[in-house]
Structures are given as structure tokens and as C-alpha cells.
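Colleague: This structure is in C-alpha cells; I'll ask about it shortly.
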Amino acid sequence: MLRDSDDAMDQGFYHDNKKRMEQGLLEKMNKVINAELSGDGLEEDEKSKKRSIRNTFNFQERSS
């Protein structure tokens with residue numbers, strides 16, 4: 005296919021339009037995801053504010 009042909013130009017417009025549409029969809033999806041994950045969930049719950057995070061590992065020293 006020649007670069008200057010009508011078919012090549014149509015194909016170029018198609019790919020450019022497809023890229024713009026995909027980019028727009030990705031931006032919308034990122035906005036929704038960021039809106040849902042913007043809070044950490046601990047701000048709303050008083051019980052979780054009072055609870056401290058403890059170390060879940062049990063470290064024991066062993067002498068050899």
C-alpha cells in the first residue's frame with residue numbers, strides 16, 4: 005500500500021482515532037479508580053482509629 009494513497013490515509017485516521025478513544029477511556033477509568041481508592045477507609049471508622057497496628061510476626065531469639 006502506498007503511503008500517499010487514500011487507503012493509507014484512511015487507515016492512519018482510523019488508528020489515530022482509535023488511540024484517542026482508548027486514551028480517553030483509560031483516563032476515565034483512572035479517574036474512577038482514583039476516586040474509589042482516594043480514602044484509606046480508616047478515617048470513617050472510630051474503632052479502627054483506636055486500634056493500633058501490631059507486629060504480626062513472633063520473633064524469638066534462639067541460642068545456638
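In our numbering, the protein residues as written are 5 to 68. Ideal Cβ placement from N, Cα and C applies to all residues, glycine included. These numbers come from a predicted model, not from an experiment.
Keeping to the same chain, check which residues put their C-beta closer than 7 Å to that of S6; ignore five residues upstream and five downstream.
Modeller: Here the question's residue 6 lines up with position 2 in the sequence shown. Correcting the residue type first, residue 6 is Leu in the shown sequence and not Ser. A12, listed in sequence order.
Colleague: Do you know how far the Cα of D14 is from the Cα of A39?
Modeller: Numbered from 1 along the sequence shown, position 35 holds the residue referred to as residue 39. Numbered from 1 along the sequence shown, position 10 holds the residue referred to as residue 14. For A39 and D14, the distance between alpha carbons rounds to 38 Å.
Colleague: To the nearest angstrom, report how far apart G28 and D8 are at their CA atoms.
Modeller: Position 24 of the sequence shown, counting from 1, holds the residue named residue 28. Position 4 of the sequence shown, counting from 1, holds the residue named residue 8. Roughly 29 Å separates the two Cα atoms.
Colleague: Can you tell me whether DSSP reads M5 as helix, strand or coil?
Modeller: For the purposes of this step, residue 5 is identified with residue 1 of the sequence shown, where counting begins at 1. Here M5 sits in coil by DSSP.
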